[in-house]
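Protein chains in written order, with the working numbering: chain A, 15 to 437; chain B, 2 to 236. The beta-carbon is built from N, C-alpha and C at its ideal position, and this holds for glycine as well.
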Ligand SMILES: Nc1ncnc2c1ncn2[C@@H]1O[C@H](COP(=O)(O)OP(=O)(O)OP(=O)(O)O)[C@@H](O)[C@H]1O
Ligand SMILES: [Mg+2]
């Protein structure tokens, strides 16, 4: 045996030992729920020992794989210079305009054809996924760009939804006239929340926004005269289509295209905003508040616009939500909702538009299609979230910035060469 | 150019500036020296409006500015380069410079100024696409000063530009400060721990102790003064 393989064997033995330990630990932890089965009829306890063996056998290879992945991850971050194949593929796609145009065209065709290919049920699911894309992109302005941790985003969503619902209920206002009003009201609420939290950052901001979200929900739940309380508002009209009567499935298709158009509009606006003056001010504000002020940036105005614009988008989606479900009650606007939207932004990759879109699709579609696993659905969902955060802490799609840095490095060299040549 | 009268600044209950008064004549380099915690940074923060004073007056070119917001003061031509550089770590060198020109709209002028800065600090030109956070301390300081210059300030407030730099770099930074003052007629208010270096390039100097100005004179006289020698020059 040659001397080089000895450390390898030693390493392998220790890895196997650790994994054995892990599987024993799991057997111990799951013992009460997996092994002990109380039979209430005969008042006996069944000891299902075989299950313990299965758990041990299942956890052992999983632990090995896990450790191996973690090892690779550490090695990967050690040699940062080397690019992973995903990154290289990304570079290729971005670099080659033809490929990216083709992919984009294909994607557009698929998205447009979607409601005609798939069932009404699938289209419904897609509509909610697209709604979350919009919500994610809206919250991304506040959290990803301006760096303000907002845990009460659902409040603005509720404002939009209730605006349309109440306007429709009391005054018979249609979707199209209620849409700008709902968004406008959400904007106003965004500014209202913005003012008191101007001085706050980080944890404190998170707590206050969380409180704000709960206040809105509690008001809606308890102010019966205004919002009809927990029983909610039913019979909200669907969006009208030039006064033509539509069947239920036609309505779904129509709504799908409305949402699609709004998503396209959102992407356009957000990508514009990123590179605009105000976008740069947001990014600067996120990075360093004092430096930001020293650069003559109006902190108040910058923060308020971030809150207001983020809220506007929630308002839009709120109106769509009311139109889609035709019934709303405060139960749809719990903290869980804010948490999901925030997860979309964080998991997708903060500040990256494509990241947020992918994040929304994964987070909304995954639980839907995992319905097959019914009771294990949330378990798989939670596990995948943990996995993403462990292996891709910057989010599924890393922000454009990283890619930018890579390309620019080449640019510097070129620049340097050119400078040298001209000198 | 800038007149400060009986300035009082507080951090909550802490009385950081206790009736501070001084004058900054146009076109000069004026330095403010003093021990740690004397209130030097606070003085700059009060001028730039980031920590507004509670009482007192600040008059800049005839305009009272002590009640204006930081962005308005900035727009009048007073720019602070804060202590500890505070560049934007996730933005490239070039983007950091662009942030300095945030309020400007004249593209041509901005391009000219960027050229000027890359001339002033060739090191920054080499690293224009590097992220600010990955620059060395010295490079970050160059960037911080350059970012301040990007708005073509009339009055530049520099807070400890030599902090944590090797002697060679300190020399370079101070030479550049002199150059900026000479070439652009920018008035510079320089806060420093490195009293020796600061007094060498400055025209006038103020000495601050626990929130009060205790000495003021020409820089040459302060360099000779026994008190300054003992307390700040370590002689
Ligand atoms: N944000 C703050 N909150 C409370 N007290 C502060 C704050 N900033 C400064 N102080 C206090 O104000 C006084 C003056 O601080 P300042 O930063 O102006 O000192 P300095 O002269 O710049 O010192 P150094 O040379 O160490 O930078 C100190 O006593 C300090 O503790
Ligand atoms: Mg200081």
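Asked, Found
"Any C-beta of chain B under 8 Å from that of residue 294 (chain A)", "yes"
"Contact check, residue 67 (chain A) vs residue 59 (chain A), beta carbons under 8 Å", "no"
"Nearest-angstrom Cβ-Cβ length linking residue 83 (chain B) and residue 295 (chain A), presumed shorter than 8 Å", "Their Cβ separation, rounded to whole angstroms, is 17 Å, which puts residue 83 (chain B) and residue 295 (chain A) out of contact at 8 Å."
"Where residue 107 (chain B) meets chain A, residues with beta-carbon distance less than 8 Å", "Ordered by position in chain A, no residue passes the 8 Å Cβ test against residue 107 (chain B), which lies about 14 Å from the chain."
"Contact check, residue 118 (chain B) vs residue 150 (chain B), beta carbons under 8 Å", "yes"
"Cβ contact (3+ pairs, closer than 8 Å) linking the region 254-266 of chain A and the region 194-214 of chain A", "no"
"Residue 219 (chain B) - DSSP class collapsed to helix/strand/coil", "strand"
"Below-8 Å beta-carbon distance, residue 160 (chain A) vs any chain B residue", "no"
"Cutoff 8 Å: residue 309 (chain A) Cβ touching any chain B Cβ", "yes"
"Heavy atoms of ligand 2 versus C-beta positions, residues under 7 Å", "B:41, B:42, B:84, B:160, B:161, B:192"
"Short CB-CB distance (under 8 Å) between residue 114 (chain B) and chain A", "no"
"CB of residue 114 (chain B) within 8 Å of CB of residue 153 (chain B), strictly", "yes"
"Where the region 271-301 of chain A meets chain B: residues whose CB sits under 9 Å from a CB there", "291, 294, 295, 297, 298, 300, 301"
"Residue 312 (chain A), DSSP secondary structure in three states", "coil"
"Closest by C-alpha distance to residue 43 (chain B), when choosing among B:75, B:68, B:70, B:81", "B:81"
"Inter-stretch contact (C-beta, 8 Å, three-pair minimum) for the region 169-187 of chain A and the region 121-134 of chain A", "no"
"Nonlocal neighbours in the same chain, by C-beta distance under 6 Å from residue 198 (chain B), ignoring five residues either side", "175"
"Secondary structure of residue 235 (chain A), DSSP reduced to three states", "helix"
"Amino acids of chain A, ordered along the chain, whose beta-carbon sits closer than 7 Å to that of residue 72 (chain B)", "310, 311, 312"
"Local conformation of residue 157 (chain B) per DSSP, three classes", "strand"
"Close beta carbons around residue 207 (chain B), own chain, < 8 Å, minus the five adjacent residues each side", "23, 31, 32, 33, 34, 214, 216, 217"
"Nearest neighbour of residue 246 (chain A), chosen from A:238, A:252, A:253 [CA to CA]", "A:238"
"Closer than 8 Å to chain B by CB, residue 304 (chain A)", "yes"
"Integer-rounded CB distance, given that residue 48 (chain A) should sit under 8 Å from residue 23 (chain A)", "Going by Cβ atoms, the distance from residue 23 (chain A) to residue 48 (chain A) rounds to 34 Å, so no, they are not a contact pair."
"Check: residue 37 (chain B) C-beta below 7 Å from any heavy atom of ligand 1", "yes"
"Assigned exposure category for residue 54 (chain B) - 16 Cβ within 10 Å defines buried", "buried"
"Where residue 184 (chain B) falls, given that 16 or more other Cβ within 10 Å makes a residue buried", "exposed"
"Closer than 8 Å to chain A by CB, residue 231 (chain B)", "no"
"Opening and closing residue of the beta strand (DSSP E) in which residue 35 (chain B) lies", "30-35"
"Cβ-heavy atom distance, residue 17 (chain B) to ligand 1, below 7 Å", "yes"
"Cβ distance (whole Å) where residue 148 (chain B) is taken to contact residue 110 (chain B) below 8 Å", "At roughly 16 Å, the Cβ-Cβ gap does not stay under 8 Å, so residue 148 (chain B) and residue 110 (chain B) are not in contact."
"Residues of its chain near residue 171 (chain B), where Cβ-Cβ distance is below 8 Å and the 5 sequence neighbours each way are ignored", "163, 195, 198"
"beta-carbon residue 194 (chain B) near ligand 1 non-hydrogen atom, thresh 7 Å", "yes"
"CB contact below 8 Å: residue 87 (chain B) versus chain A", "yes"
"Residues that residue 47 (chain B) contacts on chain C, provided the C-beta gap is smaller than 8 Å", "Here the protein chains are A and B, and chain C is not one of them."
"Residues that residue 152 (chain B) contacts on chain A, provided the C-beta gap is smaller than 9 Å", "309, 310"
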